[in-house]
Amino acid sequence: MGHGLCHRTIHRHQQHLKWSKANAPVLTINSGETLTFDALDGSNGQITKSSSVDALDTFDVNLADPAYGPVYINDAAPGDVLKVEILSLELADWGWTAIMPDFGFLADEFPDPVLKIWDIDPSLPYVKFKDGIHIRKRPFLGIMGVAPGEEGEFSTIPPLETGGNLDCRYLTVGSTLYLPVRTPGALFSCGDGHTAQGDGEICGTAIETTLTATLRFTVCKNQPWVTAPQYQTPPLRELLSQEDVDEDKGEYAAMGIDSDLREASRKAARNLIEWLVSTKDLTRDEAYMLASVAGNLKMVEVVDMPNYAVAMSIPLNLFV
Numbered sequence: 006m007g008h009g010l011c012h013r014t015i016h017r018h019q020q021h022l023k024w025s026k027a028n029a030p031v032l033t034i035n036s037g038e039t040l041t042f043d044a045l046d047g048s049n050g051q052i053t054k055s056s057s058v059d060a061l062d063t064f065d066v067n068l069a070d071p072a073y074g075p076v077y078i079n080d081a082a083p084g085d086v087l088k089v090e091i092l093s094l095e096l097a098d099w100g101w102t103a104i105m106p107d108f109g110f111l112a113d114e115f116p117d118p119v120l121k122i123w124d125i126d127p128s129l130p131y132v133k134f135k136d137g138i139h140i141r142k143r144p145f146l147g148i149m150g151v152a153p154g155e156e157g158e159f160s161t162i163p164p165l166e167t168g169g170n171l172d173c174r175y176l177t178v179g180s181t182l183y184l185p186v187r188t189p190g191a192l193f194s195c196g197d198g199h200t201a202q203g204d205g206e207i208c209g210t211a212i213e214t215t216l217t218a219t220l221r222f223t224v225c226k227n228q229p230w231v232t233a234p235q236y237q238t239p240p241l242r243e244l245l246s247q248e249d250v251d252e253d254k255g256e257y258a259a260m261g262i263d264s265d266l267r268e269a270s271r272k273a274a275r276n277l278i279e280w281l282v283s284t285k286d287l288t289r290d291e292a293y294m295l296a297s298v299a300g301n302l303k304m305v306e307v308v309d310m311p312n313y314a315v316a317m318s319i320p321l322n323l324f325v
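In the numbering used here, the protein residues as written are 6 to 325.
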């Protein structure tokens, strides 16, 4: 095949649960080549389309967030940068969101397990949360990363400076991710498909789904400014249809003010949840999950010490 036209696939069994530069590559490619990854969801198949909330009782977090790979890219050396272009992302026909005990941004306030199974209709641009609430599909891979330079094994759950479980909703089709290479061949892996997510992913899960991703890899030399993940997104006009633009109704946001940035963020999340419960006829569990998959945490002010102002917003066009 010609340069850049390679269409090989990384399969579901080719996964690992720890980042390590000692992981043996499952494939070697050249810079400029394209690969497809067939990746199970972040539960690693522990939750299925027919699961009930009981599945959370036996959920083994040690099996969660598998990464698919690693892939060795020829000519990638420590100090280089791996450019990853996201060419296509194909969703499964279902997904899940959960509130898991002892996990999530407000875990102390939501002790009871909840599991929501979503129907993902490929013919629709949105998924239905419940009657009157539609969430636009914006698929992305939660995990994209390269092996750390340090010896040893690292969990795939927290993000690292070499990438990993970034859960960054901007890494959708048309976006490009730049990762600092720390070990020969870079050893790239990815996984943790999402149908949609808000900034913050506050309940701990997005709309988790199995995803088939096609990515292009290019080794970049002499980009010393990339010491942690950086990314570029396409213009919104390339991502949004005219229908999306026409349907924009602005957003509603609740603020949290505190001298601790995490507490300010928790207050903002809590205040948005209370607004959703009070005005949109949702239970607190529903509001927490909706804020996780569609709400956005942002720092609106960080200089007027000692207090930080954080807002959590939600697009009003969800409410149809």
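For every residue, glycine included, the Cβ atom is placed at its ideal position computed from N, Cα and C.
Small disclaimer: the values here were computed from a predicted structure and weren't measured.
Q: Would you identify the three-state DSSP class for K272, choosing helix, strand or coil?
A: helix
Q) Can you tell me where the beta strand (DSSP E) with R141 in it begins and where it stops? A) I138 to R141
(Q) Considering just the uninterrupted stretch of the beta strand (DSSP E) at R13, what are its terminal residues? (A) R13 to I15
Q: Identify whether R221 lies in helix, strand or coil by the three-state DSSP scheme.
A: strand
Q | For W24, three-class secondary structure by DSSP | A | strand
Q: Would you verify that the beta carbon of I162 is, or is not, closer than 8 Å to some beta carbon of chain D?
A: Among the protein chains of the structure shown there is no chain D, as only one such chain exists.
Q. Expressed to the nearest angstrom, what Euclidean distance is found between the alpha-carbon atoms of K121 and P71?
A. 21 Å
Q | Same chain only: Cβ atoms within 7 Å of M149, ignoring 5 sequence neighbours per side | A | V89, G168, L171, L176, L182 and C195
Q. Among I52, L61 and N49, which residue has its Cα nearest to the Cα of F108?
A. L61
**Q.** Inter-residue spacing [alpha-carbon to alpha-carbon] between L111 and A69
**A.** 20 Å
Q.
Can you give me the C-alpha to C-alpha distance between D43 and Q19, rounded to a whole angstrom?
A. 9 Å
Q) Given that a residue counts as buried once 16 or more other Cβ atoms are within 10 Å of its Cβ, and exposed if not, what is V66? A) exposed
Q: Measure the beta-carbon distance from F134 to M105 and round it to whole angstroms, keeping in mind my assumption that it falls under 8 Å.
A: With 8 Å as the limit, F134 and M105 do not qualify as a contact, their Cβ atoms being about 19 Å apart.
Q: Could you say which of L323, D117 and L87 lies nearest to P189 if we only look at CA atoms?
A: L87
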